[in-house]
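Right, one structure below, let's go through it.
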């Protein structure tokens with residue numbers, strides 16, 4: 234995708250604050266953090282939304298990567314939140330599948 238912000242990060246056209254990278258995923262600090270630790274984890278392959286994700290293995294690895302990063306940051310035992318926003322009503326701002334890893338403080342649940 235030529236105009237996808239996250240694809241530009243994968244190709245190196247934009248340089249995020251990377252915290253993890255392998256052949257399948259890129260993880261970087263969010264530029265507008267909502268918690269002391271707020272990392273975005275993206276597949277390097279462009280997938281617009283969770284609705285478009287048809288690779289169960291990739292989705293599983295995506296979540297395992299989130300858990301691995303929580304351990305790396307030392308927050309796995311205390312707890313963390315993972316969030317995937319999907320489409321406009323779900324709050325998705327960048328149309329490239331991504332997981333938010335939020336941690337470092339008590340996460341309160343408010344279903345609205």
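Numbering (the numbering used here), first residue to last: 234 to 345.
No residue lacks a Cβ here, since even glycine has one placed at the ideal position from N, Cα and C.
Small disclaimer: the values here were computed from a predicted structure and weren't measured.
Review point. What is the residue span of the alpha helix (DSSP H) that residue 283 lies within?
Key: Careful: residue 283 lies outside any alpha helix (DSSP H) and carries neither H nor E.
Check your understanding: When the Cα of residue 282 is compared with those of 237, 320, 274, which residue comes out closest?
Key -> For residue 282, the closest C-alpha among the options 237, 320, 274 is that of 320.
Check your understanding: Touch check for the stretch 271 to 285 and the stretch 238 to 246: three-plus C-beta pairs under 8 Å?
Key -> Judged by Cβ distances under 8 Å, the stretch 271 to 285 makes contact with the stretch 238 to 246, as three or more pairs qualify.
Practice item. Specify, as a first and last residue, the run of the alpha helix (DSSP H) that residue 392 falls within. Key: This structure cannot speak to residue 392, because the chain is shown only from 234 to 345.
Exercise for review: Counting only the same chain and skipping the five closest in sequence on each side, list residues whose C-beta sits under 8 Å from that of residue 270.
Suggested key: 306, 308, 313, 334, 335, 336, 337
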